[in-house]
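For the protein sequence lines, the chains are E and C, in the order given. Counting from 1, one number per residue, gives the positions in the first sequence under this note's numbering. Counting from 195, one number per residue, gives the positions in the second sequence under this note's numbering. Just so you know, even glycine gets a beta-carbon here, dropped at the ideal spot from N, CA and C. Because the structure is a prediction, the values reported are computed rather than measured. Presented below is the structure to which this report refers.
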Amino acid sequence: MDTVIRNPLPGGEPGPQIPPQYAHIQGWGADLDHANRPAYPRERTPPRLEGVHWHEPEQQAQTVEILHSNERPGITPVFGTSSPPSGLSGAIRRFAFKFSENDVRHWMLLLFADRVNMVEGIGQDLARGHIPNVFAEMGGKAEFKYNRKAAIEKTVVAGAVVGLAVLLLMHARSRRRQQLPLQHQTMRDLLHRR
Amino acid sequence: MLAMNYRGPYRVRAAQKPEPEIEHPYDAIVRVTRSCICGSDLHLYHGLVPDTRVGMTFGHEFTGIVEEVGSGVKKLKPGDHVLVPFNIFCGSCFFCQRELYSNCHNTNPEATAVGGIYGYGHITGGYDGGQAEYVRVPFADIGPTVIPADIDVDDAVLLTDAYPTGYQAAEMGEIEQGDTVVVFGAGPVGLFAAKSAWLLGAGRVIVVDHIDYRLEFAHRFAQCETLNFKDVDDMAVHIKKMTDGLGADVCIDAVGAEAAGNFAHRLTGVKLKLQGGSAIVLHWCINSVRKGGVVSIVGVYGPTFNAIPIGNAVNKGLTLRMNQASVKRHLPRLIEHIQAGRIKPSDVITHRVPLEEVSDAYHLFSSKLDNCIKTVLVPPRAASMGATIAA
């Protein structure tokens, strides 16, 4: 094969020969030489890392509850403090951490806790007087802008399902009231029957 | 501050939450200038990753300006504009001493398999992420890298995960001159893997997906052949026909847990959670690679188990390589590639969205609307920096 181009190596030396069929590919073969590959071979020690001025990192102060894998003796020197466990989902998570990462119950319980947590989140929103705008949270605006036909279809189907559910509910309620003993019926029920 | 706030599967919003504080002497607080939504964020968004708690802020690909540093930080200074690798790592543990920064043993109390990652639930340490105005950055002297003056911030933000992960996928493939490389997945990581395969000297690069606009993009961006798996009866047979009956030298899984293409895998892996995600791409990789070939996995899977043809992998004598990218060890070389003009990572960015519209940004990316490839979130105070915002 004829050589047409060479990519320079990091030190400015000429790089590998580029066969003509790859000449249109910017940078072809620039890292053909293993010496240019950052992770060749698989591990390198000591690491090429500047700025490490500790032997063992200091322990971060624990200000919130941190769950830790039972495959390690305790918490790590550094950890995140977002969203500590709380409520029923927190109790499920604590229970899940009694099982190791090797045990599928650990992961299934955590997934279950996530679903419980989602319901708790709605409850927390309502308790703060915030009604979650589920349409906006699910990207409804983008759906209407870029996928209008599907968005309208979904809206119509969702509207029909909700409408049907309301009708069935009203019908069931009306039948229940008609079957109540007289002393338990309200004046409105009696007038309505008449 | 304004931050992305997870409320449950398919539900996120931008909401106010307290600003992060220095919690350790080696911490810094960074004011975010760019933050991406990664394909792996969608696994969280879709509720597939265990221990993803309501109220958390996602985002492991971000750049920012250092606002404050802890008492033990010696190198990084307020005002430095940094790109922050997605790995949180200590630099001193057994694994960091071997440059396995993604496997750091000192930053994730909740699990031992993986080190700390910003904004990736509690399975990776419970850190809030960068889809916010401010972020706490541990081990500030070794994680963040000051963005060189000649590197654009939109290129820099792609050096925090997507480009290094794609490069590492190709590198783990142990590509030699003339090799045929099949990359499954035409998302940003797959695109960077395809591009990197050429840098490593591949002779043929084939990208497989099922979304036509992504395949067209891959053809333009990575000058590769493309294959829509919907047009193929049997992936392994098709790849063998394309490679004189031998199979590809290297197959790369750049898809992971939510792969389409097989009903049984989707049902058991994604809908019923009986596997750690749909493993059909891994299945295809093992059966499409040649005997003695290499399968490189960077697609993210759940922590339980998956149904894959491991017997075939044994019988074919395959090498399976995989890991989360150890971003820091790749950065010097990848920055050189950008500076030399061999790659322009920001070419994959199709959408720049204000942080306030994070719900729409997630839906856009998740549903692949408006030919979306890569979405960047821009916090309010960074809106004047760089490119204009257009959803």
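Exercise. Is the CB-CB distance between residue 348 of chain C and residue 540 of chain C below 8 Å?
Worked result: yes
Exercise. What are the complete alpha helix (DSSP H) segments, minimum 4 residues, inside the stretch 394-477 of chain C?
Worked result: 406-416, 429-436
Exercise. Between the C-alpha atoms of residue 305 of chain C and residue 174 of chain E, what's the straight-line distance to the nearest angstrom?
Worked result: 55 Å
For this session: To the nearest angstrom, report how far apart residue 218 of chain C and residue 547 of chain C are at their CA atoms.
Result: 32 Å
Exercise. In chain order, what residues of the same chain have a beta carbon less than 8 Å from the beta carbon of residue 241 of chain C, not counting five sequence neighbours either side?
Worked result: 202, 203, 204
Problem set entry | Near-chain C residues of the stretch 136-156 of chain E (beta-carbon distance less than 7 Å), N- to C-terminal order | 136, 137, 138, 139, 141, 142, 143, 146, 147
For this session: Whole angstroms is fine: what's the gap from residue 309 of chain C's alpha carbon to residue 358 of chain C's?
Result: 17 Å
For this session: Please confirm whether any heavy atom of the ligand FAD lies closer than 7 Å to the CB of residue 407 of chain C.
Result: This structure simply doesn't include the ligand FAD, nor any ligand for that matter.
For this session: Would you identify the three-state DSSP class for residue 485 of chain C, choosing helix, strand or coil?
Result: strand
Problem set entry | Beta-carbon spacing of residue 199 of chain C, residue 249 of chain C below 8 Å | yes
Exercise. From the beta carbon of residue 20 of chain E, is the nearest beta carbon of chain C less than 8 Å away?
Worked result: no
For this session: Report all residues from its chain with a CB closer than 6 Å to the CB of residue 575 of chain C; omit the five preceding and five following residues, and keep chain order.
Result: none
Exercise. Residue 294 of chain C by DSSP, collapsed to three states: which one?
Worked result: coil
For this session: Starting from residue 196 of chain C, trace the beta strand (DSSP E) both ways and give me its first and last residue.
Result: 196-202
Exercise. At a CB-CB cut-off below 7 Å, which residues of chain E make contact with residue 445 of chain C?
Worked result: Those do not exist, as residue 445 of chain C stays about 19 Å from chain E at its closest Cβ, beyond 7 Å.
For this session: Check whether the Cβ atoms of residue 588 of chain C and residue 326 of chain C sit closer than 8 Å, and answer yes or no.
Result: This structure cannot speak to residue 588 of chain C, because chain C is shown only from 195 to 585.
Problem set entry | Within-8 Å CB hit, residue 564 of chain C to chain E | yes
For this session: Report the three-state DSSP secondary structure of residue 358 of chain C (helix, strand or coil).
Result: helix
For this session: Please work out which residues of its chain come closer than 7 Å, Cβ to Cβ, to residue 581 of chain C, disregarding the five sequence neighbours upstream and downstream, and give them in chain order.
Result: The predicted position of residue 581 of chain C is uncertain, since its pLDDT is 45 and thus under 50; a value taken from the coordinates is nonetheless stated next. These residues qualify, in order along the chain: 348, 546.
Exercise. Taking only beta-carbon atoms, is residue 359 of chain C less than 8 Å away from chain E?
Worked result: no
Exercise. According to DSSP, is residue 59 of chain E helix, strand or coil?
Worked result: coil
For this session: Quick one: which unbroken alpha helix (DSSP H) runs of 4-plus residues sit fully inside the stretch 96-154 of chain E? Chain order, please.
Result: 104-127, 134-137, 140-146
Problem set entry | Which residues DSSP lists as bridging residue 230 of chain C, in chain order | C:570
For this session: Evaluate residue 427 of chain C with the Cβ neighbour count: other Cβ atoms within 10 Å of its Cβ, from every protein chain shown; 16 or more gives buried, anything less gives exposed.
Result: exposed
Exercise. How would you label residue 502 of chain C, buried or exposed, when you count the other beta carbons within 10 angstroms and need 16 or more for buried?
Worked result: buried
Problem set entry | Contacts of residue 51 of chain E in chain C (Cβ-Cβ under 7 Å) | 269, 335, 336
Exercise. Is there a Cβ from chain E that is less than 8 Å from the Cβ of residue 344 of chain C?
Worked result: no
Exercise. Of all Cβ atoms in chain C, is any one closer than 8 Å to the Cβ of residue 71 of chain E?
Worked result: yes
Exercise. Would residue 167 of chain E be called buried (16 or more neighbouring beta carbons within 10 Å of its own) or exposed?
Worked result: exposed
Problem set entry | Closer than 8 Å to chain C by CB, residue 103 of chain E | no
Problem set entry | Bridge partner(s) assigned by DSSP for residue 277 of chain C | C:257, C:339
Exercise. Should residue 68 of chain E be flagged as near chain C, meaning a C-beta pair shorter than 8 Å?
Worked result: yes
Exercise. When the cut-off is 8 Å and only beta carbons count, does residue 58 of chain E lie next to chain C?
Worked result: yes
For this session: Express the C-alpha separation of residue 280 of chain C and residue 506 of chain C in angstroms, rounding to a whole number.
Result: 34 Å
Problem set entry | Exposure label - residue 578 of chain C; buried when at least 16 CB within 10 Å | exposed
Exercise. Cβ of residue 302 of chain C less than 8 Å from any chain A Cβ?
Worked result: In the structure shown, chain A does not exist; the protein chains are E and C.
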